[in-house]
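A.B. asks: Here it is, the structure in full.
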Amino acid sequence: MYMKKIKKAKIMKTFAEICGWIGAFLIHFATIPTTLGVILGKNPSLPEVSLVILVWSGLFLYLIRAIAQKDWLYIVSNSIGFFLNSILLAIIIF
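Residue numbering for the sequence shown follows the numbering used here, beginning at 208 and increasing consecutively.
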């Protein structure tokens with residue numbers, strides 16, 4: 208009985224990790240179509256600079272927290288999101 212609980216807990220933890228990585232991928236790569244559209248000249252409309260700055264700031268703060276807690280899912284995810292939003296912010300400002 209005890210071994211079943213351990214195995215079930217391990218399966219749930221693995222499932223949660225997989226869901227976390229997939230979710231991080233989907234959320235942070237959602238900015239790629241907008242960024243590429245602007246770079247390639249196919250999408251002239253840009254998001255509001257205030258939106259990008261707030262998301263960028265939030266990702267930076269989450270990244271600090273993730274590094275402090277040594278949480279690799281959030282370190283990788285927030286680093287990617289921060290990088291992509293930095294590109295978008297640079298496109299808007301410059």
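Here a beta-carbon is modelled for each residue, glycine too, at the ideal position from N, C-alpha and C.
According to the neighbour-count rule (16 or more other Cβ atoms, all chains shown, within 10 Å of its Cβ), is Tyr209 buried or exposed?
C.D. replies: The residue you call residue 209 lines up with position 2 of the sequence shown. By the neighbour-count rule (16 or more Cβ atoms within 10 Å), Tyr209 is not buried but exposed.
A.B. asks: If we call anything under 8 Å between Cβ atoms a contact, is Ile289 one with Phe267?
C.D. replies: By 1-based counting over the sequence shown, the position of residue 289 is 82. By 1-based counting over the sequence shown, the position of residue 267 is 60. Checking the sequence shown, residue 289 turns out to be Phe, not Ile. Yes, these two residues count as a Cβ contact at 8 Å.
A.B. asks: Quick check on Val259: buried or exposed, where buried means 16 or more other Cβ atoms within 10 Å of its Cβ?
C.D. replies: Residue numbering aside, residue 259 sits at position 52 when the sequence shown is read from its first letter. Val259 is buried by the Cβ-count criterion.
A.B. asks: Mapping DSSP to helix, strand and coil, what is Lys249?
C.D. replies: To locate residue 249, count along the sequence shown from 1; it is residue 42. Looking at Lys249 - three-state DSSP - the assignment turns out to be coil, as it is neither helix nor strand.
A.B. asks: Would you report the Cα separation of Ile274 and Ser284, rounded to the nearest angstrom?
C.D. replies: Along the sequence shown, read from residue 1 onward, the residue named residue 274 stands at position 67. Along the sequence shown, read from residue 1 onward, the residue named residue 284 stands at position 77. So the alpha carbons of these two residues sit roughly 12 Å apart.
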